[in-house]
Amino acid sequence: MNVDTPRETHKFQAEINQLLNLVINSLYSHKEIFLRELVSNASDALDKLRFRSVTEPELLEGASALEIHLIPDADKGTLTLEDTGIGMTHDELVKNLGTIAHSGSREFLELVSQRGQKDVNLIGQFGVGFYSAYLVADRVEVVSRAAGKDSQAWRWASDAKGSFTVEPAERSTRGTSVTLYLKEDQKEFLDEWRLRSLITQYSDYVNHPIKLQVKKTTGEGDAQKTETQLEVVNKASALWQRSKSEITDEQYQEFYKHLTHDWEAPLAWTHFRTEGNQVFTSLLFIPKHPPFDLNSPDQRGVRLFVKRVLIMDRCEEMLPQWLRFVRGVVDSDDLPLNVSRELLQDSAVVQAIRKHVTKKTLDMLEKLAKDKPEDYRTFWQGFGTVLKEGLAVDTEHREKLGALVRYESSREEGLTSLADYVSRMKEGQEALYYIFGESRKAVVDSPHLEALKKRGYEVLYMTDPVDEWATQGLREFQGKPLVSAMHADLKLKETDEEKREKEQRAKGLGPLADRMKEVLKEQVREVRVSDRLTDSPCCLVVPEGGSHAFVERLLRERGRSVPRTKRILEVNPTHPVIEHLRTVTEKEAGSAQVTEWIELLYDQALLTEGSSVEDPNRFARRMTALMTQVAAQGSGNPTPTGAVASGPEVPTAETPVPRN
Numbered sequence: 002m003n004v005d006t007p008r009e010t011h012k013f014q015a016e017i018n019q020l021l022n023l024v025i026n027s028l029y030s031h032k033e034i035f036l037r038e039l040v041s042n043a044s045d046a047l048d049k050l051r052f053r054s055v056t057e058p059e060l061l062e063g064a065s066a067l068e069i070h071l072i073p074d075a076d077k078g079t080l081t082l083e084d085t086g087i088g089m090t091h092d093e094l095v096k097n098l099g100t101i102a103h104s105g106s107r108e109f110l111e112l113v114s115q116r117g118q119k120d121v122n123l124i125g126q127f128g129v130g131f132y133s134a135y136l137v138a139d140r141v142e143v144v145s146r147a148a149g150k151d152s153q154a155w156r157w158a159s160d161a162k163g164s165f166t167v168e169p170a171e172r173s174t175r176g177t178s179v180t181l182y183l184k185e186d187q188k189e190f191l192d193e194w195r196l197r198s199l200i201t202q203y204s205d206y207v208n209h210p211i212k213l214q215v216k217k218t219t220g221e222g223d224a225q226k227t228e229t230q231l232e233v234v235n236k237a238s239a240l241w242q243r244s245k246s247e248i249t250d251e252q253y254q255e256f257y258k259h260l261t262h263d264w265e266a267p268l269a270w271t272h273f274r275t276e277g278n279q280v281f282t283s284l285l286f287i288p289k290h291p292p293f294d295l296n297s298p299d300q301r302g303v304r305l306f307v308k309r310v311l312i313m314d315r316c317e318e319m320l321p322q323w324l325r326f327v328r329g330v331v332d333s334d335d336l337p338l339n340v341s342r343e344l345l346q347d348s349a350v351v352q353a354i355r356k357h358v359t360k361k362t363l364d365m366l367e368k369l370a371k372d373k374p375e376d377y378r379t380f381w382q383g384f385g386t387v388l389k390e391g392l393a394v395d396t397e398h399r400e401k402l403g404a405l406v407r408y409e410s411s412r413e414e415g416l417t418s419l420a421d422y423v424s425r426m427k428e429g430q431e432a433l434y435y436i437f438g439e440s441r442k443a444v445v446d447s448p449h450l451e452a453l454k455k456r457g458y459e460v461l462y463m464t465d466p467v468d469e470w471a472t473q474g475l476r477e478f479q480g481k482p483l484v485s486a487m488h489a490d491l492k493l494k495e496t497d498e499e500k501r502e503k504e505q506r507a508k509g510l511g512p513l514a515d516r517m518k519e520v521l522k523e524q525v526r527e528v529r530v531s532d533r534l535t536d537s538p539c540c541l542v543v544p545e546g547g548s549h550a551f552v553e554r555l556l557r558e559r560g561r562s563v564p565r566t567k568r569i570l571e572v573n574p575t576h577p578v579i580e581h582l583r584t585v586t587e588k589e590a591g592s593a594q595v596t597e598w599i600e601l602l603y604d605q606a607l608l609t610e611g612s613s614v615e616d617p618n619r620f621a622r623r624m625t626a627l628m629t630q631v632a633a634q635g636s637g638n639p640t641p642t643g644a645v646a647s648g649p650e651v652p653t654a655e656t657p658v659p660r661n
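For what it's worth, our numbering labels the leading residue of the sequence shown as 2, then goes sequentially.
Structure follows, in structure tokens:
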């Protein structure tokens, strides 16, 4: 030990203190998960060393074995977990165990707060599994020596009361030892049988030997003696390399939990081996719930192994971005051990693996949707938005993705597939219709749906921003085009009589249409007679090439500069408001009051399409003036929907408010 280096005392960062208080002072149902987390950390340290040793073989000098030791000491009341992995330097001990620089403790605390979670089973997902040691220990000491020549060993110690110490230590070989000073009521974790069963349950599939120190008695009588020895207690073989017939569902589920630190079993998994031009094995899982870092650039994904050696913990090249929720392993026999990210991006082998893994993942989702619709509903609620990204960017898998998407619709509460929608289409219906909005509530009574509802056509409710691009990518399903109820090109079948009536209505609109074009020339591209409206006076529709208002608004809220697309104003000439305005316009072509009403109708149309009005105060004054005039008439009855106050005067924002 370097006696010239004093012991250092550091305070935990605030979030770590909060985390420790939560772990120590709350009630948890499965305290034994501390062992899973510490074994997993040790396994990661061994994997990192094995990977680095490919290009730095000198790191293995002094101790070639890569293994984990579990040493219970009943006399001292300690449990020590030791590995021969990459080890940590002084600075890494301080940073990794005392701050949030490399952990997700803040996200963990936020999620626990949101859920009111009383179980720490999910702690490992956030990179803070080390602190689960304090579930069973009053004090924890860590002695670590980084791999490499002339490295110094350091001891980190803390009783979780706000601070930790770091000082030089003695350790002859690289690696890390974590010693837990167990609480009085947690001494069960010194029992050999208990430790064996926990390793079998949680860590049997760790790809390194886990050796438990056990006591063995030999000889008889006076020659009898008891000695300690290390005994391998896990299979130490890659689960994905075993035959599927040898693996139970429980073993798959426990391997998933070990791999991901998730506390719940996966919804589905697929295990396959491919032999041919490329030889590789893969085991893929669909989680039950989205991880906290699903949309983070550093989200955990598929692990890449080459000949059972871990090469990358997050290999983005194995799956497209729109399948980033998939967890699992890919083990290739063809890639070199020193493969780089640059090589992965340009490798024909990787492209072939990616194509096959993507297909197998979609097959797994199809099977889940067919065999377990309730589980698929759970999947869709968590990952549907991510999966729909594939429709926007991947034409190769468009057909499979189209069969997997789910939407709410006007038919009933709940989700429907496009295939089910097509099976219910009315005779003569030529397209699948949909509408965009912030929520089901925002679109269910939209004026854009009036003619579709009248014909009994089902409408899909699309409430994710990505749906705008997803529908553009999908375009059609089973030969039926997807058509927006809010687009200008909505064409519904008409009889000859209906066409003649429409032409007559357009002529009858007369001077009012011209007046509308003049008043709204800066706001709308065109004014025309509508065949989609039956109960509302007007609505705005999206011209070809334009984006829906809901999407434009969300993009602006996220800081994108999106110019407002000029809409087309469609008018229902049979509506009482429009008929009244037409009469007034014919009498007084330049009436300022007509202008006010046209602008008011335009503002209403903006709101119904999901946009905001440019001058909300003026809009409010106009509405107040209208309601005041109706109240002043003394009818005592509410004005029916769609009706207007009759009389020579059209109320405006400047109309004086009568006083009693």
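Yeah, the Cβ is synthetic: ideal placement off N, Cα and C, and Gly gets one too.
- Shortest Cα-Cα distance from tyrosine 458 to any of Ala443, Gly438, Lys442 and Tyr434 involves Tyr434.
- Taking all protein chains shown into account, alanine 64 has fewer than 16 neighbouring C-beta atoms within 10 Å of its C-beta and is therefore exposed.
- Annotation for histidine 290: no alpha helix (DSSP H) segment contains it, and DSSP assigns it neither H nor E.
- For lysine 522, the secondary structure class from DSSP, reduced to helix, strand or coil, is coil.
- A straight line joining the alpha-carbon of glutamate 276 with that of lysine 258 spans about 28 Å.
- DSSP places threonine 359 in no beta strand (DSSP E) but in the uninterrupted alpha helix (DSSP H) bounded by 349-372.
- A residue is called buried when at least 16 other Cβ atoms come within 10 angstroms of its Cβ; methionine 365 meets this threshold and is buried.
- Cβ-Cβ distances below 7 Å link histidine 449 to Ile436, Ala486, Met487, Arg533 and Cys540 in the same chain, with the five nearest sequence neighbours on each side left out; the list follows chain order.
- For leucine 521, the closest C-alpha among the options Glu545, Leu491 and Glu571 is that of Glu571.
- Residue range 250-261 is occupied by the alpha helix (DSSP H) that includes aspartate 250.
- The Cβ atoms of lysine 373 and alanine 269 lie closer than 9 Å to each other.
- Taking C-beta atoms as the reference points, alanine 158 and leucine 60 fail to come closer than 9 Å.
- As DSSP reads the structure, phenylalanine 478 sits in a beta bridge with Lys481.
- Taken through DSSP and simplified to helix, strand or coil, methionine 487 comes out as coil.
- DSSP, reduced to helix, strand and coil, places isoleucine 87 outside both helices and strands of the structure shown, so it counts as coil.
- A residue is called buried when at least 16 other Cβ atoms come within 10 angstroms of its Cβ; histidine 31 does not meet this threshold and is exposed.
- Note that the C-beta distance between alanine 75 and lysine 212 is not below 9 Å.
- Put simply, the backbone Cα of leucine 363 is about 56 Å away from that of arginine 8.
- Beta-bridge partners assigned by DSSP to tyrosine 462: Glu409 and Ile436.
- Under the criterion of beta carbons closer than 8 Å, threonine 201 and lysine 216 do not qualify as touching, at roughly 19 Å.
- Inclusion of tryptophan 598 and leucine 608 in the CB contact set at 9 Å is not warranted, their separation being larger than that value.
- Under the three-state reduction of DSSP, tryptophan 157 is assigned to strand.
- For the pair of segments examined, the stretch 497-517 was found not to touch the stretch 465-476: the number of CB pairs separated by less than 8 Å stays below three.
- Beta-carbon to beta-carbon, leucine 369 and leucine 388 are separated by about 12 Å, too far to satisfy the 8 Å threshold.
- Unbroken beta strand (DSSP E) runs of no fewer than 3 residues, entirely contained in the stretch 42-83, are found at 69-74, following chain order.
- DSSP places glutamate 545 in the coil class of the three-state scheme, outside both helix and strand.
- The beta-carbon distance between glutamate 469 and serine 562, rounded to whole angstroms, is 17 Å. This is too long to meet the 8 Å contact definition.
- By the neighbour-count definition (other C-beta atoms within 10 Å, threshold 16), tryptophan 241 is a buried residue.
- Within the same chain, Glu553 come within 7 Å of arginine 565 by CB-CB distance, once the 5 residues on both sides are set aside.
- Per the coordinates, the alpha-carbon of threonine 464 lies some 5 Å from the alpha-carbon of serine 440.
- In the DSSP assignment, lysine 216 is bridged to Thr229.
- Classified as buried, tryptophan 155 has 16 or more neighbouring CB atoms from the shown chains inside 10 Å of its CB.
- Note: histidine 272 is bridge-paired with Leu284 in the DSSP secondary-structure output.
- Bounds of the beta strand (DSSP E) holding valine 179 are 176-183.
- The beta carbon of lysine 455 is closer than 6 Å to those of Thr535 in its chain, skipping five residues each way along the sequence.
- By the Cβ neighbour-count rule, asparagine 42 is buried, with 16 or more other Cβ atoms within 10 Å of its own.
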